[in-house]
Amino acid sequence: MANLQKQMNNFHDKIRLKGFEKNERLKDKRDLLIKNLRDNLNSDEDDPKLYFKEFNQGSYAMHTGVKPFKQDQDEFDIDVGLVFDLNAEKHQAYIDDPVELKKRVLKALNHPARTVKVKRPCVTVSYAATNSESGYHVDLACYMTSNSIDGLLDLAKGKLNSAPTEKKWETNDPKGLIEKINNRFPGEDNTESRHQMRRVIRMFKRWRDKQALNKPISISLTCEVYERFQPVQETIPGSGTKPNDQQAFLNLVTDILNNVINDRVYSYLIVYPNSDLNELMTENQMETYISKLNNLKEALQQSIDFICPHEASKKLKNQFGDDFDVLPKEDTAQKAATAIGTTGANA
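Heads up, this note's numbering is the position in the sequence shown plus 67, with the first residue counted as 1.
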């Protein structure tokens, strides 16, 4: 058995994006844009006043961010939620047409130094790369307090040229999603389980990017891990336990493939509205995804079964890319190691 936990750890460290709490540059760019929006949002006296509160969302808030796979991709993809205080007396036009609200955000943030676009789920602010730093973009999701379900938020959906039926408020639970992911394994006793889950999420995302899969989307992979992941620790006689990411990842992929129904992988959002996140994947996209999942399962199984660490690490490099280190042929001392049993910890 080839134990590649050190290589798994090194790989994870290479692809990991630190969150806001550990990345001052990231935090500064977010804060500067939010300040700019507040300063300009109510500059036109003819417009009804708008006020909002912001919160972090997406992979940074869930501690599952991954560095871009391609060199020409933006270094940062920051997700921020804006919750606007809207009322029928002053803001009926925005309540009737959420794209009008997004137009206000677009107007407030337009600047020669950046590109601002209204997309269906958000307003995206992009900064081109310069000689001194990489490009990045910020996705601003515009919400108001839900009119239909207490405690949830309504998201402004629609683009500038969308049909009237596509301009709508859609109820969802972005804060609940963050809370569920971050509390999957709460408490100090589950620290390693929590870290292992986040490592698997990040490696799953990088695998998708390496395999050139446009879909499934990141939140689909994250929800799959949330629902199916079980921590795996190696029992080492006289030395306690150590994580085994190879086996944990293999168990996850095996469970996904065991639950394929009618040649589709169904991945449900773990909060309201609990929709199938893979619904828009075409038959060809799904067929390719399942085929590559089978290849990943085989590679993970072989990486465990092989005695030679060199050959085992080559299998995983083919799946994950050049950031996964291949052990040199002469580094085979591990192959004489005693086989170690594995035990799955309870969530």
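Cβ atoms here follow ideal geometry from the backbone N, Cα and C, with glycine treated the same way.
It should be emphasised that the depicted structure is a prediction, and the values quoted were computed from it without experimental measurement.
Quick one: Cα of residue i to Cα of residue j, how far?
i	j	result
Arg261	Lys234	38 angstroms
Thr415	Leu280	The structure shown does not extend to residue 415, since the chain spans only 68 to 414, so no value can be given for it.
Leu84	Val299	24 angstroms
Ser201	Gly132	17 angstroms
Thr232	His130	35 angstroms
Thr289	Arg295	10 angstroms
Asn76	Ala160	52 angstroms
Pro115	Ser215	24 angstroms
Pro304	Lys364	28 angstroms
Gly307	Lys73	17 angstroms
Leu383	Lys359	13 angstroms
Asn70	Ala230	55 angstroms
Leu93	Glu378	38 angstroms
Gln297	Lys96	36 angstroms
Pro340	Glu112	38 angstroms
Phe24	Arg105	Residue 24 lies beyond the range of the chain shown here (68 to 414); nothing can be said about it.
Thr212	Ala366	46 angstroms
Met353	Leu344	12 angstroms
Asn326	Asn385	25 angstroms
Asp276	Trp236	31 angstroms
His158	Leu149	16 angstroms
Lys81	Leu176	34 angstroms
Lys137	Ser285	16 angstroms
Pick out whichever of the options has its Cα sitting closest to the Cα of residue i.
i	options	result
Asn416	Leu336, Glu350, Asn318	No answer is possible for residue 416: it lies beyond the span of the chain, which begins at 68 and ends at 414.
Gln124	Leu117, Tyr335, Ile145, Asn107	Ile145
Glu291	Ser342, Leu336, Glu255	Leu336
Glu121	Lys272, Gln278, Asp206	Asp206
Cys375	Thr302, Val393, Gly388	Val393
Arg181	Thr197, Val166, Met68, Pro188	Thr197
Phe271	Lys247, Pro241, Glu259, Leu319	Leu319
Ile245	Asp389, Leu219, Arg92, Val172	Leu219
Leu222	Met264, Arg266, Val166	Val166
Val183	Leu100, Ala366, Asn90, His377	Leu100
Met68	Asp372, Gln297, Trp236, Lys277	Asp372
Asp316	Thr355, Arg331, Gln369, Gln352	Note that residue 316 corresponds to Phe in the displayed sequence, not to Asp. Residue Gln369 is the option with its Cα nearest to Phe316.
Tyr419	Cys189, Tyr194, Tyr203, Ser193	No answer is possible for residue 419: it lies beyond the span of the chain, which begins at 68 and ends at 414.
Ile268	Ser287, Gly254, Asn257	Ser287
Tyr293	Arg187, Phe252, Val147, Leu173	Phe252
Glu259	Arg273, Ser285, Trp274, Glu301	Glu301
Asn109	Lys174, Arg273, Asp163, Tyr203	Lys174
Pro273	Asp98, Asp390, Ser193, Gln313	According to the sequence displayed, residue 273 carries Arg and not Pro. Selected option, being the one with the closest Cα: Asp390.
Helix, strand or coil: how does DSSP classify residue i here?
i	result
Thr321	helix
Thr355	helix
Gln297	coil
Asn76	helix
Ser260	helix
Ala279	coil
Met211	strand
Phe271	helix
Lys235	strand
Asn107	helix
Val150	strand
Asn362	helix
Lys396	coil
Phe252	coil
Glu121	strand
His158	helix
Asp114	coil
Ile284	coil
Determine which residues share a DSSP beta bridge with residue i and list them.
i	result
Gly307	Ile303
Ile145	Val205
Arg331	Ile328
Ala223	Trp236
Thr191	Lys184, Asp206
Val292	Looking at the DSSP assignment, Val292 forms no beta bridge with any residue, so it has no partner.
Val133	Arg83
Asp343	Tyr335
Here's the rule: buried if 16 or more other CB atoms are within 10 angstroms of the residue's CB, otherwise exposed. What is residue i?
i	result
Lys169	buried
Ala208	buried
Pro310	buried
Asn361	exposed
Tyr127	buried
Thr241	What sits at residue 241 in the sequence shown is Pro, not Thr. So Pro241 ends up on the buried side.
His178	exposed
Pro283	buried
Gly225	buried
Ser380	buried
Leu153	buried
Ser342	exposed
Gly254	exposed
Asp163	exposed
Leu227	exposed
Arg265	buried
Leu347	exposed
Thr405	Unreliable positioning characterises Thr405 in this predicted model, as indicated by a pLDDT of 40, which lies under 50. The coordinate reading is nonetheless provided below. Thr405 comes out exposed.
Asp312	buried
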